[in-house]
Amino acid sequence: MKRNIILIGFMGAGKTSFGKWLAKEKCMEFVDTDEMIVKSQGVSIPEIFEKQGEECFRDMETALIRKFVEEGRNNLVLSVGGGLPVRKQNRELLKELGLVIYLRATVDTLCERLRGDTGRPLLQGGDVRNRILTLMEKRAALYEDGAERIIDTDGRTFEEILEKMEEDRK
Ligand code: S3P
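The numbers in my numbering rise by one with no breaks, and the one at position 44 of the sequence shown is 44.
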């Protein structure tokens, strides 16, 4: 395995919950880009989007993962925000950092998990399913491009996801 494990995927795909479990299992350090940005800015993600705009948030994401690469960080399970892999530059930085895994979930599952969510600015207003579908249409191929492994998570336990992850193929 490469030195870090990076989890990418849509909002609600389970990157954070699986990532925390995985880090414990593998005695690695868990890091979440959203959490780090909120901590360093001292404000919530909706506030960053509202006051500074999405592009500014995206720049913060890029700066953060670039710093990880420059610092030569290792032994991390890194869960990244759902929109972070949209930038090509970010997909390249993530690949430099370690093994990138796309946790894929079906739209039905995502809908179930994200309905009523108030903490994710891109899902506010209108029908959540339509918002997910629109974003997924733009992002699915980018997630695939950015990942070395793709794991379908629906109906799988964390142990089963890990088993899949360790199989040596995409
Ligand atoms: C976003 C996903 C969120 C967070 C922000 C934007 C996105 O992270 O970074 O609300 O563009 O998909 P999670 O994927 O952890 O929910």
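A virtual CB, placed ideally from N, CA and C, is assigned to each residue, including glycine.
query                                                                                    : result
Glu144 - partner residues in DSSP beta bridges                                           : Paired residues: none, contrary to the question.
Candidates Thr153, Met60 and Ser17: closest to Val38 by CA position                      : Met60
Three-pair Cβ contact test at 8 Å for the region 123 to 137 versus the region 146 to 163 : no
Heavy atom of the ligand S3P within 7 Å of Arg120 beta-carbon                            : yes
Cβ-Cβ distance between Val69 and Leu97 below 8 Å                                         : yes
Exposure label - Ser17; buried when at least 16 CB within 10 Å                           : exposed
Counterpart residues of Phe30 in DSSP-defined beta bridges                               : Val77
Check whether Met36 and Leu114 have beta carbons under 8 Å apart                         : no
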